[in-house]
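Here is the structure we will look at, set down as structure tokens.
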Amino acid sequence: MNIRVTVCVGAQQTCGSRNLLCGVAPRRAFSMAAAGTVAHGKLEGRKAAESTGVRKKGVEGRVRSFEEIPHTGRSGWVNLVKFWREDRFRHLHLHMERTFKALGPIYREHVGTQSSVNIILPLDIAELFRSEGLHPRRMTLQPWATHRETRQLSKGVFLKNGEEWRADRLILNREVMMSAPVKRFLPLLDEVARDFSRMLQVRVGKEGRVEGGKRSLTVDPSPDLFRFALEASCHVLYGERIGLFSSSPSLESQKFIWAVEQMLATTPPLLYLPPRLLLRIGAPLWTQHANAWDHIFSHAEARIQKGYRRMSSSQAQGSGAGAAGVRYTGVLGQLMEKGQLSLDLIKANITELMAGGVDTTAVPLQFALFELGRNPEVQERVRQQVRVSCAQAGGDPQKALQGAPLLKGTIKEILRLYPVGTTVQRYPIKDIVIQNYHIPAGTMVQACLYPLGRSADVFEDPLRFDPGRWGSSREGGQRAEGAGGFRSLAFGFGARQCVGRRIAENEMQLLLMHILLSFHLSVSSSEDIRTTCTLILQPETPPRITFSQL
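Take this note's numbering: the final residue in the sequence shown is number 1025, and no numbers are missing along the way.
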């Protein structure tokens, strides 16, 4: 449930390369050649940089200037035109990986109005986070902010900064991050995960082919995973089910999923163009984006109003949301009951959590099923641990997860190899030195997660899927010295980490737990999945998974 954006976040083509204002359509290819500096991963016009683990020495021991940081081209507008014309956005994560190999562990990128310093090594990332201050700031998604401003809607914590952000975030933390609320909403997530597994069992029983007396079914599970993510999010946030596992799920819920996908697809191109200008001229790209957000807010508004009526009715009958023996009413009910946020702020934050809680969990689950399917020995180790833990947990989902650390390791390993957001950004509040280069306060610096997770300088055998590498005795299979906590950053770090982290982590672990208890997973091909960047990293084509009855 974490959306982070890259300076050159993966975009989608807007009416070919000619008209950048007329909407979103799929893109196909990628190569990197910014201002003639890097082409196809090879450095032109200068020597290739040193090993990514080696800090560059300044002249006569001095710290090098900001301008001396290796870069991919000085003209942001020239770079932007090339990125659009040559369709370089969709595989930005691969561009980052190639550029680090060519330029070393730090480089500058300037595309359109956006500039950043990109880093990869844990020690450098640790230095960045030491300088984030009391009110950490990350890149503002201006299209989202402009939508709120033009519609006169309140902003949630994702779009806020400063003291206002901190005050709201501390209130939300008490409802979604602390151990007490997590214990209360775990049974809700577990209920949805169980129902998903039952639904899949029925489908395999009806549609599967018989092999050796047992049935198996090969499908693209992505549509069902999106429905699961929305159903689980609604159950936790609103305290109610919306019936997406029925034979005929509501059209309104399907429209919500479409709106989230449209919002994510139209965001990247808008990052490099002035949204208010596009609004003024009625550009179709902006209209698509704004309409998607309008639908998302409309969906949330209907759920919030329903929750408000339910809570008012409960209070009239003399029972509050927190009364003993009363069912947990979800994050919405808790926020309303305590009254520490205005209704407008509750609406803004609940809507952001909903919008950020579908694709960002459904997509990693696709990758998880694929990796478990093509690594049967790993799958069996995780399954055996899950079986033992569940047998000892007595139906308590928290105990079941605590007894199966390989489940958490599976999620961490998936997000290492396939991070939902390809970067984490911060603006240091003071001048810092990274790789012996001076970086002024206020510069946007990005920790690039995709190349970090696949770097042989940071991880042993980095391309191997190994949930066990995250065990305490293994220390993540790390190679980089120190800063061990800065190798797994898929949910961000510190006070500004993903506010929906606990929901997402437990949601994904519980679903995998119930699937592994019921099915053996396999895939027809062990070839790597081709990935693409929109606002998040996802498969170019969703993998097909075979679910076989145990």
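We put the CB at the ideal spot given by N, CA and C, even for glycine. As the structure is a computational prediction, the values presented were derived from the model and not from experiment.
Which word fits Arg560, buried or exposed, when buried means at least 16 other C-beta atoms lie within 10 angstroms of its C-beta?
-> exposed
Whose C-beta lies closer than 6 Å to the C-beta of Lys522 among residues of the same chain, with five residues either side of it excluded?
-> Note on Lys522: pLDDT 39, under 50, position unreliable in the model; the coordinate value appears next. There are no such residues.
For Arg549, does the count of other Cβ atoms within 10 angstroms reach 16, so buried, or fall short, so exposed?
-> exposed
State whether the region 805-815 contacts the region 766-773, with contact taken as three or more CB pairs (one from each stretch) at a distance under 8 Å.
-> no
Around the Cβ of Trp761, are there at least 16 other Cβ atoms within 10 angstroms (buried) or fewer (exposed)?
-> buried
Enumerate in chain order the residues of its own chain whose CB-to-CB distance from Ser433 is below 7 Å, with the five nearest sequence positions on each side excluded.
-> Here the chain has residues from 476 to 1025 only, and residue 433 is not among them.
Meets three-Cβ-pair contact criterion under 8 Å: the region 725-745 and the region 695-713 = yes
State buried or exposed for Ile727, treating a residue as buried only when at least 16 other CB atoms are found within 10 Å of its CB.
-> In the sequence on display, residue 727 carries Glu and not Ile. Label assigned to Glu727: exposed.
Nearest to Ser787 by alpha carbon, out of Glu776, Arg802, Ala775 and Glu812?
-> Glu812
Could you tell me the distance, in whole angstroms, from the CA atom of Leu810 to the CA atom of Gly688?
-> 51 Å
Distance, Glu827 Cα to Leu816 Cα | 15 Å
In terms of DSSP beta bridges, what is Gln589 paired with?
-> Val586
Identify, in the order they occur along the chain, each residue of the same chain with its Cβ nearer than 7 Å to the Cβ of Gln873, setting aside the five sequence neighbours on each side.
-> Lys658 and Leu661
Sufficient close CB pairs (3 or more, under 8 Å) joining the region 774-788 to the region 639-657 | no
Nearest to Leu840 by alpha carbon, out of Phe633, Lys730 and Gln984?
-> Gln984
Tell me whether Lys689 sits in a helix, a strand or coil according to DSSP, three-state version.
-> strand
DSSP state of Ser1023, grouped into three classes?
-> strand
Who does Thr898 pair with in a DSSP beta bridge?
-> Cys923
Out of curiosity, what's the CA-to-CA distance linking Thr574 and Gln910?
-> 16 Å
Span of the beta strand (DSSP E) around His913 | Tyr912 to Ile914
Taking the DSSP output, what are the residues bridged to Lys1008?
-> Note on identity: in this sequence residue 1008 is Cys, with Lys being the wrong assignment. The partner list for Cys1008 (beta bridge, DSSP) reads Leu1012.
So what does DSSP say about Ile904, is it helix, strand or coil?
-> coil
Can you give me the start and stop residues for the alpha helix (DSSP H) that His570 sits inside?
-> Leu567 to Leu578
Out of curiosity, what's the CA-to-CA distance linking Ser590 and Val685?
-> 57 Å
For Leu996, the residue or residues it bridges with in DSSP | Phe1022
Give me the Cα-Cα distance between Pro611 and Arg976, rounded to the nearest whole angstrom.
-> 17 Å
Euclidean distance between Cα positions of His570 and Glu584 = 11 Å
Straight-line Cα distance separating Ile978 from Leu663 = 10 Å
Sequence ranges, alpha helix (DSSP H) only - wholly within the region 822-887, length at least 4 | 834-849, 851-868 and 872-877
For my contact list, Val833 and Ser708 are in at a C-beta cut-off of 8 Å; report their separation, rounded to the angstrom.
-> 7 Å
Chain-order list of residues whose beta-carbon lies under 7 Å from that of Lys905 (same chain, five-residue window excluded) | Ser606 and Ala916
Rounded C-alpha distance that separates Ile581 from Arg613 | 19 Å
Runs of alpha helix (DSSP H) wholly within the region 717-805 (minimum 4 residues, chain order) | 726-745, 750-756 and 759-791
Do Arg690 and Val679 have their CB atoms nearer than 8 Å?
-> yes
Measure from the alpha carbon of Gln1013 to the alpha carbon of each residue in His566, Ile544 and Pro937, then state which is nearest.
-> His566
Taking contact to mean at least 3 C-beta pairs separated by less than 8 Å, is the region 615-630 in contact with the region 817-824?
-> yes
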